[in-house]
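Contents: one structure, followed by commentary.
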Amino acid sequence: MQSFGGAGPAPLQHLPLLDGWRALSITLVLAGHLLPIGPSGWQLNEPTAATGMVMFFTLSGFLITRFLIEDGDIRRFLIRRLLRIVPLGWLGMLLAFVVAGGASTGEIFGNFLFVANLPPASLVAPGAHFWSLCLEVQFYLSVALLVAVGGKRALLIIPLASVAITCARIYWQEPISIVTWFRADEILAGATLALIYEGWFGEQVRRMVARPSIFLLLPLLFASADVRTVYLPYLRPYICALMIGASLYNAPGWLRALCEWRSVVYVAQTSYALYVFHGIFVGSWLGSGDTLVKYAKRPLLLAATFACAHLSTFHYERRWNALGRRLAGRPARADVAAGLAQDTVMPKNPLA
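Numbering (the numbering used here), first residue to last: 32 to 383.
Now the structure itself:
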């Protein structure tokens with residue numbers, strides 16, 4: 032079983048396969064929000080975007096929890112993570128307010144404090160997608176408080192919290208929601224996967240996670256992202272966590288190689304900025320007009336999104352990340368959540 036304490040933290044392994052999942056995640060979100068997917072009567076756009084979002088949350092929970100397992104320093108964790116997400120988040124919110132033509136005091140404070148997804152929601156139209164940033168920051172603060180109070184051992188509460196939220200979703204019939212207490216099980220399922228991956232629940236549980244085929248789980252995940260499948264959406268967090276967990280052990284060589292393509296890694300690296308900017312541009316002139324005009328502008332919207340994401344990732348955000356490393360008081364380490372680590376040691380396969 033993984034030690035709850037230990038000496039100093041070891042460098043986190045970079046798992047290149049997660050770059051592929053991250054790239055697929057943002058691709059599905061962009062496709063669901065920007066492109067016509069199938070005949071309109073099939074209504075596939077929302078399930079496509081929801082599939083991308085559950086991947087995003089699962090990866091986040093997994094990576095953040097692994098970081099805390101390896102390095103339980105809460106001060107260092109909060110500095111690094113908040114300077115990773117807040118500067119671009121606040122910039123995006125400011126741009127959304129400008130595009131919207133202004134915002135109320137409640138909307139401004141709700142967004143800047145990352146509580147705009149809580150009822151009564153205070154999101155503005157061009158920044159409606161920032162609900163996920165609110166959920167992300169709330170998770171950072173909650174898990175940091177958990178470890179600060181109870182140490183690393185307190186992370187064992189996470190699986191129970193995930194199941195409790197899923198039960199609440201079932202009871203109140205919330206197959207999908209932007210409210211934290213009806214959506215956070217997607218992050219917590221990823222965090223639970225990290226505990227399993229690090230051996231906290233023993234080798235037998237890891238063997239169980241390693242067995243399923245990701246090619247069977249992926250279509251099941253798509254189905255669970257569609258509220259028309261009735262009860263399946265309540266299992267969405269766990270289907271996704273199982274799929275990503277299984278891929279760490281049994282993904283074929285060609286898929287691992289694909290995840291290391293430069294184009295895939297690039298999309299993964301810029302995924303956060305792509306997410307922030309695409310919604311803002313949808314609320315601007317680039318996203319206006321009737322159906323024909325709107326889709327005629329899509330190449331321009333996508334070009335603007337990728338251009339801004341590139342500048343943000345490799346110039347604006349990079350400076351904030353460097354500041355975070357300096358303030359954290361340690362030499363630069365692999366930024367696992369951004370997919371930039373250098374150690375490419377593959378995880379041990381418990382089935383081998």
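In this text, a Cβ means the ideal position worked out from N, Cα and C, and glycines have one as well.
Exposed unless 16 or more other CB atoms sit within 10 angstroms - verdict on residue i
i: C339; result: buried
i: P283; result: exposed
i: Y262; result: exposed
i: W162; result: buried
i: Q300; result: buried
i: P151; result: exposed
i: G221; result: buried
i: D50; result: buried
i: D321; result: exposed
i: P70; result: exposed
i: W73; result: exposed
i: P21; result: An answer regarding residue 21 cannot be provided, because it is not within the stretch 32 to 383 covered by the chain.
i: F93; result: buried
i: F108; result: buried
i: P250; result: exposed
i: L219; result: buried
i: R349; result: exposed
i: F312; result: buried
i: G182; result: exposed
Within 8 Å, strictly: CB atoms of residue i and residue j
i: A175; j: I105; result: yes
i: L186; j: V180; result: no
i: V307; j: A54; result: no
i: F88; j: E217; result: yes
i: P157; j: G310; result: yes
i: L48; j: S302; result: no
i: L305; j: F345; result: no
i: A225; j: W212; result: no
i: V130; j: S315; result: yes
i: T389; j: P190; result: Residue 389 is absent from the model: the chain starts at 32 and stops at 383.
i: V298; j: I57; result: yes
i: L122; j: N352; result: no
i: G360; j: R111; result: no
i: V210; j: L149; result: yes
Close Cβ partners of residue i (< 7 Å) along its chain, the five nearest in sequence each way excluded
i: V258; result: P206, I207 and P264
i: A134; result: F128 and V155
i: L273; result: V240, P243 and L248
i: A215; result: L166, F170 and I196
i: Q82; result: Per the sequence presented here, residue 82 reads as Thr, with Gln not at that position. Excluding residues within five positions, the ones whose Cβ falls inside 7 Å are L59, L252, F253 and A256.
i: W52; result: M86, L90 and I275
i: I188; result: L177
i: M124; result: N142, F143, G158 and F161
i: T79; result: L59, A62, G63 and I68
i: E77; result: G63
i: T260; result: A254
Helix, strand or coil at residue i [DSSP, three-state]
i: N142; result: helix
i: D321; result: coil
i: G103; result: coil
i: S315; result: coil
i: I209; result: coil
i: H45; result: coil
i: A179; result: helix
i: Q169; result: helix
i: W162; result: helix
i: G233; result: coil
i: A156; result: helix
i: W285; result: helix
i: P190; result: helix
i: S294; result: helix
i: Q204; result: coil
i: S91; result: helix
i: A368; result: Per-residue confidence for A368 stands at a pLDDT of 38, beneath the threshold of 50, marking its modelled position as unreliable; the derived number appears in the next sentence. DSSP places A368 in helix when its eight states are reduced to three.
i: S135; result: coil
i: N148; result: coil
i: R214; result: coil
i: P362; result: With a pLDDT of only 43 at P362, under the threshold of 50, the placement of this residue in the model should not be trusted; the figure read from the coordinates follows. In this structure, P362 counts as coil in the three-state DSSP scheme.
i: T197; result: helix
i: I57; result: helix
i: Q74; result: coil
i: G310; result: helix
i: P67; result: coil
i: T301; result: coil
Neighbourhood of residue i by C-beta distance below 6 Å, restricted to the same chain and skipping five residues each side
i: L164; result: G120
i: A147; result: G141, S153, L154 and C165
i: E291; result: P47
i: I385; result: Since the first residue of the chain shown is 32 and the last is 383, residue 385 is not available in this structure.
Own chain residues within Cβ distance below 8 Å of residue i, not counting five before or after
i: L317; result: K328, L331, L332 and A335
i: L65; result: H309, V313, R329, L332 and L333
Any non-hydrogen atom of the ligand MG closer than 7 Å to residue i Cβ
i: M274; result: With respect to small molecules bound, the structure shown includes none, and the ligand MG cannot be examined in it.
Just list the alpha helix (DSSP H) runs in the region 237-280, keeping only unbroken ones of 4 residues or longer that don't cross its boundaries, in chain order.
245-255
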